[in-house]
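Worksheet: one structure, shown below.
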Amino acid sequence: MSAPAQILGRRSLFLLPTRGGLFFGATLLALLLAAMNYGNGPAYGLTFLLATTAAFSGAVGQRNLLGLGLHETLPRADFTGSPVGFRVVVVNPDGRARYGLMLAAGAAHAAFDLGAHEQRTVEIPWPTGRRGRVAPPVLRLSSTYPFGLLRVRSRKLVLEEAALAYPRPAARAPLPAGQAEDEARAHERGREVVAGGDFVGLAPFRAGESPRHIHWKAAAAGRGLFVKRFAGPSDEEVWLALAPTGDLEGRLSILCRQVLDAERRGLRYGLRLGPLRLPPARGPWHREHCLERLALFDGDAS
Amino acid sequence: MRPSPGHALPATLLILMALACLPLAPFLPWWSTGLALTALAWRGFVVPRRGLPAQGVRWLLAIAVATIVFLRFHTVVGERPGLSFFVMLVGLKLLESDSARDQVVLVLFGYLALMGGLLFAPTPLMGLYTLGFAAASFVALSLITQPSGPAMRARWRLSVGLLAQALPVAFLGYLLFPRIAIGLWHSVPVPVGRTGLTSVLRPGSLEALLRSRQVALRALFQGPKPPKDRRYFRAYVLTATNGRTWRAGPLWHARGHSVGPASAPYTILLNPTGNSVMPALDWPARAPRGAELADGDLVRRAHPIEHVLRYTLTARPIRRARLGAHERAQDLALPRSLDPRIRALARRLASHRGPLARIHRTLGYFVRHHFTYTLTPPPMGRDPTAGFLFRARSGYCEDYASAFAILMRAEGVPARVVVGYFGGEFNPVGGDVIVREWDAHSWTEVFVRGRWRRIDPTAVVAPASLWHGGSAALGAHGAARAGRYAWWRFTRVHWGLWLDAATTAWDNWVVDYNARRQDALLRRLGWRHTGRAALAAAVVALALLVVAIVRASGARAPRRDPARRAYDAYARKLARVGLAPRPWEGPKDHLARASVARPDLEPLMSAITAAYVAARYDGRPEALKTLRTQLRAFRPRRSGLARLTRKP
Chain E
72 MSAPAQILGR RSLFLLPTRG GLFFGATLLA LLLAAMNYGN GPAYGLTFLL ATTAAFSGAV
132 GQRNLLGLGL HETLPRADFT GSPVGFRVVV VNPDGRARYG LMLAAGAAHA AFDLGAHEQR
192 TVEIPWPTGR RGRVAPPVLR LSSTYPFGLL RVRSRKLVLE EAALAYPRPA ARAPLPAGQA
252 EDEARAHERG REVVAGGDFV GLAPFRAGES PRHIHWKAAA AGRGLFVKRF AGPSDEEVWL
312 ALAPTGDLEG RLSILCRQVL DAERRGLRYG LRLGPLRLPP ARGPWHREHC LERLALFDGD
372 AS
Chain G
208 MRPSPGHALP ATLLILMALA CLPLAPFLPW WSTGLALTAL AWRGFVVPRR GLPAQGVRWL
268 LAIAVATIVF LRFHTVVGER PGLSFFVMLV GLKLLESDSA RDQVVLVLFG YLALMGGLLF
328 APTPLMGLYT LGFAAASFVA LSLITQPSGP AMRARWRLSV GLLAQALPVA FLGYLLFPRI
388 AIGLWHSVPV PVGRTGLTSV LRPGSLEALL RSRQVALRAL FQGPKPPKDR RYFRAYVLTA
448 TNGRTWRAGP LWHARGHSVG PASAPYTILL NPTGNSVMPA LDWPARAPRG AELADGDLVR
508 RAHPIEHVLR YTLTARPIRR ARLGAHERAQ DLALPRSLDP RIRALARRLA SHRGPLARIH
568 RTLGYFVRHH FTYTLTPPPM GRDPTAGFLF RARSGYCEDY ASAFAILMRA EGVPARVVVG
628 YFGGEFNPVG GDVIVREWDA HSWTEVFVRG RWRRIDPTAV VAPASLWHGG SAALGAHGAA
688 RAGRYAWWRF TRVHWGLWLD AATTAWDNWV VDYNARRQDA LLRRLGWRHT GRAALAAAVV
748 ALALLVVAIV RASGARAPRR DPARRAYDAY ARKLARVGLA PRPWEGPKDH LARASVARPD
808 LEPLMSAITA AYVAARYDGR PEALKTLRTQ LRAFRPRRSG LARLTRKP
């Protein structure tokens with residue numbers, strides 16, 4: 072993991088007025104004009120006091136960000152269409168709490184506070200349009216603390232790690248032939264593989280249970296309502312591969328759905344993708360590995 | 208069930224808005240501040256339960272408000288109509304504010320409303336109020352824009368602390384900012400609730416003034432202050448009378464001038480009167496800048512006095528003059544319907560030759576006939592002069608001044624009535640003389656042997672009443688209470704003097720700090736070139752200074768944790784023996800590695816590490832002391848083995 076760290080130092084902070092700050096400035100101008108028009112001493116005093124206090128609040132705002140450490144960490148991947156998350160660990164090195172922090176990239180932002188010595192992983196949701204690598208955005212940490220009149224902004228934090236947008240999973244996709252045969256065989260034996268596990272027997276139906284699990288054959292035979300129970304992962308193996316024809320994204324979507332389904336059912340599944348062979352395995356790590364390959368696949372070599 | 212939008216405004220914001228509108232209340236019609244406060248209460252108590260009023264209702268209210276203002280004032284331009292309208296708009300804004308931006312706009316409206324209050328009442332109390340308001344406003348801004356931020360106490364501390372830091376810089380800006388008198392729009396803030404002297408004198412016209420404790424003016428004498436019985440502040444000279452009312456006559460160009468040694472300069476801080484008269488001791492030697500010496504030796508200026516006015520004068524003891532024919536005729540003119548008894552009396556008193564003797568005889572008439580002074584004179588009848596002279600034989604200053612002037616005229620001595628202030632009270636704290644409305648007085652001036660002379664018949668008849676001033680005249684009720692609550696009176700008087708001194712300083716330095724005084728002050732501080740360009744440059748420099756302060760103090764590295772600093776020192780000592788903690792090593796990991804490398808150092812190292820962990824992570828401050836003492840004892844040396852291996 073690459074981790075460009077940025078410690079916010081004196082040269083990396085900038086002060087800008089917020090919209091409210093601009094309104095505040097306009098109000099001060101109106102006060103000053105009134106003071107000049109009426110030659111009113113207290114009004115001059117009020118104007119200068121407000122202006123100086125607002126300016127000094129900039130120092131408080133800067134100290135609110137000063138010394139914070141920003142460390143890039145691995146982004147969160149997601150399926151195309153759902154936002155991925157770019158993540159930064161923000162570290163407060165000292166005993167002062169920091170308030171009203173905002174990590175932003177364009178319109179996307181995350182707001183948070185940091186207690187004394189606290190560190191926090193902050194995630195910026197980032198929309199995905201296409202499958203593949205999502206280039207990291209340029210992030211800035213900012214805050215309008217303490218009065219919302221001035222915004223202290225950090226220098227750009229350039230992230231290095233791209234996030235992955237997995238293929239959007241197809242709505243439904245049958246598992247490949249080998250597996251389908253198994254299923255057919257299971258049917259013949261009066262077994263059914265539905266929700267990731269072996270059929271272990273029937274139990275009386277209770278209100279609220281999914282009608283999909285009802286043993287309709289038994290019900291049709293007039294033996295009453297029973298539901299099928301399943302347990303444990305299966306040792307069955309299946310190889311998943313791209314369909315031979317069709318548009319690449321559509322085929323990847325189907326493959327993605329198959330990976331998800333196979334993992335959900337607890338099958339051991341392997342992935343064949345162009346020249347790549349991932350031997351059958353299961354578990355979240357294997358699943359991520361497969362999805363990552365799907366996300367990055369570009370050659371239509373099959 | 209809560210209404211869908213988050214309708215609760217921070218209580219601080221509601222209180223702030225009330226604080227912004229309250230100072231305006233005495234100066235605006237009751238219905239305008241009343242409506243604003245009603246809207247405020249509605250926002251605070253009804254809206255959180257019932258939700259914001261519908262948009263239609265708000266529009267109706269806005270139209271109603273505009274209509275009321277227009278019907279009452281026939282305009283929305285000018286201070287009172289404009290501010291009435293504005294205050295009610297603030298109320299309406301409260302009924303539609305929901306977002307954070309709306310709330311910030313409300314705070315900004317609050318500043319504008321407060322400015323209105325400052326325009327009407329630039330008093331020191333209002334100055335303090337403004338400070339408090341500013342602190343509360345920043346707390347409100349903090350609550351609006353940082354809803355999840357620190358606790359309330361911390362917000363107040365921050366806000367007050369920043370204000371305190373800003374004060375000196377703001378004060379410099381206040382001193383240096385070029386005081387350009389621009390007239391973007393001209394209008395007259397009406398001083399409300401002040402009675403003030405008028406240029407018309409009729410029986411009873413001073414009565415309201417004699418009950419008012421309000422300060423009319425303050426006088427600061429650079430030299431020794433004149434004794435009380437010489438402190439006659441002239442405001443109006445009245446020459447035309449119909450026997451009942453005295454008015455200013457036609458203006459004649461004044462001829463002649465005042466002579467004699469000039470007194471030390473004295474300065475007057477005059478509270479706004481709404482007219483252009485500047486009271487002065489007799490006889491003003493020269494008009495101050497921006498004013499003129501008008502007929503009758505009155506100091507006036509072109510514009511009405513709308514703010515506290517500060518002017519410096521010198522007085523001369525003698526006023527020489529030559530009366531023209533018209534002027535003489537005017538100063539001898541008698542009311543058309545003069546009671547024959549007055550003519551007869553005048554003839555009797557005028558049997559003496561010289562005018563001085565006539566004056567003495569006339570004053571003596573009052574004494575001989577036991578005239579008395581009273582604040583509640585009996586009714587004088589259709590001819591007040593005759594009623595006073597022959598029936599009532601008691602009255603107050605305007606009766607004496609009027610009757611004496613008419614008698615003198617009937618005796619052939621030119622005479623006129625003067626209205627102004629007499630005496631005043633010396634404030635030992637501020638060193639100034641405070642003249643209040645109840646020091647209002649009227650007296651006469653007679654023209655004798657080429658000189659105008661001041662004659663105060665009231666002082667001859669009832670010197671004590673004058674000496675003690677209007678406050679004593681307030682009557683027995685006050686006197687009875689004074690005995691019982693003597694300590695309270697003492698305290699009040701004592702604090703009153705301090706407050707008054709503060710007010711004088713405030714008027715002197717804040718309210719009346721204009722371009723001229725700015726120039727004078729900066730010259731006194733040794734600044735030779737005080738043109739506007741130089742001042743503008745100074746203000747720009749000050750602004751840059753503020754920016755620099757902000758940059759520098761904002762970038763001050765945060766103080767590191769003391770435990771961490773001690774641990775860093777420990778690490779530096781370890782580095783000398785090649786055992787510095789590596790960047791990724793936690794203190795315990797480091798201890799494990801270092802103990803293997805140097806078992807001899809292990810006891811002290813583990814003690815230091817334990818103390819550091821306790822101080823830094825377990826939040827036990829007492830461990831810090833242990834850490835420091837052990838750190839001092841920690842003097843690692845290279846091991847013998849290391850020394851051996853290093854030798855070639």
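Chains as they are written, first to last, in the numbering used here: chain E, 72 to 373; chain G, 208 to 855.
Virtual Cβ for every residue (Gly too), placed ideally from N, Cα, C.
Just so we're clear, the structure is a prediction, and the values are computed from it rather than from any experiment.
So the beta strand (DSSP E) residue i belongs to, where does it begin and stop?
| i | result |
| --- | --- |
| Glu231 of chain E | Counting along the chain, Glu231 of chain E falls outside any beta strand (DSSP E), and DSSP gives it neither H nor E. |
| Met173 of chain E | Arg169 to Ala176 |
| Tyr824 of chain G | Where Tyr824 of chain G is concerned, there is no enclosing beta strand (DSSP E), given that its DSSP letter is neither H nor E. |
| Asn634 of chain G | Glu632 to Asn634 |
| Glu320 of chain E | Run containing Glu320 of chain E: none in the beta strand (DSSP E); it sits in the alpha helix (DSSP H), Leu319 to Arg336. |
| His180 of chain E | Ala179 to Leu185 |
| Leu231 of chain G | Counting along the chain, Leu231 of chain G falls outside any beta strand (DSSP E), and DSSP gives it neither H nor E. |
| His648 of chain G | Ala647 to Val655 |
How about residue i and residue j: do their beta carbons lie closer than 7 Å?
| i | j | result |
| --- | --- | --- |
| Tyr336 of chain G | Phe119 of chain E | no |
| Thr665 of chain G | Gly450 of chain G | no |
| Thr199 of chain E | Val205 of chain E | yes |
| Thr569 of chain G | Gly637 of chain G | no |
| Trp659 of chain G | Glu652 of chain G | yes |
| Arg222 of chain E | Thr89 of chain E | yes |
| Gly467 of chain G | Arg527 of chain G | no |
| Ser355 of chain G | Asp318 of chain E | no |
| Leu246 of chain E | Phe276 of chain E | no |
| Tyr819 of chain G | Ala776 of chain G | no |
| Ala532 of chain G | Tyr473 of chain G | no |
| Tyr115 of chain E | Tyr170 of chain E | no |
| Pro113 of chain E | Gly138 of chain E | no |
| Ala469 of chain G | Thr521 of chain G | yes |
Report the option in the options whose CA atom is closest to the CA atom of residue i.
| i | options | result |
| --- | --- | --- |
| His648 of chain G | G:Ala522, G:Gly403, G:Leu729 and G:Gly738 | G:Gly403 |
| Ala341 of chain G | G:Gly263, G:Arg548, G:Leu476 and G:Met224 | G:Met224 |
| Phe94 of chain E | E:His180, E:Thr316 and E:Ala125 | E:Ala125 |
| Glu513 of chain G | G:Ala599, G:Glu618 and G:Ala328 | G:Ala328 |
| Val155 of chain E | E:Pro164, E:Arg202 and E:Leu347 | E:Arg202 |
| Leu141 of chain E | E:Gly129, E:Thr123, E:Val160 and E:Phe127 | E:Val160 |
| Val314 of chain G | G:Gly334, G:Asp663 and G:Leu216 | G:Leu216 |
| Ile195 of chain E | E:Gly219, E:Thr215 and E:Arg158 | E:Arg158 |
| Glu605 of chain G | G:Pro385, G:Gly241 and G:Leu445 | G:Leu445 |
| Glu286 of chain G | G:Arg420, G:Gly324 and G:Phe316 | G:Gly324 |
| Arg643 of chain G | G:Arg418, G:Arg800, G:Ser366 and G:Thr240 | G:Arg418 |
| Leu808 of chain G | G:Asp726, G:Val297, G:Val784 and G:Gly334 | G:Val784 |
| Asn135 of chain E | G:Leu749, G:Ala830, G:Phe234 and G:Ser760 | G:Ser760 |
Just confirm the distance between the C-beta atoms of residue i and residue j, as a whole number of angstroms; I'd bet it's less than 8 Å.
| i | j | result |
| --- | --- | --- |
| Ala352 of chain E | Arg339 of chain E | 6 Å |
| Ala494 of chain G | Leu500 of chain G | 4 Å |
| Met485 of chain G | Leu477 of chain G | 6 Å |
| Arg211 of chain E | Leu228 of chain E | 7 Å |
Under the DSSP definition of a beta bridge, which residues are partnered with residue i?
| i | result |
| --- | --- |
| Asp149 of chain E | E:Ala236 |
| Ala487 of chain G | G:Arg441 |
| Arg639 of chain G | Strictly speaking, residue 639 of chain G in this sequence is Asp, with Arg absent from that position. Looking at the DSSP assignment, Asp639 of chain G forms a beta bridge with G:Asn634. |
| Ile525 of chain G | G:Val466 |
| His533 of chain G | Paired residue(s): none; His533 of chain G is not in a bridge. |
| His281 of chain G | Bridge partners of His281 of chain G: none, in fact. |
Going by DSSP, what residue range makes up the alpha helix (DSSP H) through residue i?
| i | result |
| --- | --- |
| Gly203 of chain E | Careful: Gly203 of chain E lies outside any alpha helix (DSSP H), inside the beta strand (DSSP E) at Gly203 to Val205. |
| Val346 of chain G | Pro331 to Thr352 |
| Asp436 of chain G | Asp436 of chain G -> no alpha helix (DSSP H), and no H or E assigned at all. |
| Phe85 of chain E | Taken as a continuous stretch (DSSP letters only), Phe85 of chain E belongs to no alpha helix (DSSP H), being part of the beta strand (DSSP E) at Leu84 to Pro88. |
| Phe293 of chain G | Glu286 to Leu301 |
Can you pull the chain A neighbours of residue i, defined as C-beta to C-beta under 8 Å?
| i | result |
| --- | --- |
| Pro88 of chain E | Looking for chain A here will not work: the only protein chains present are E and G. |
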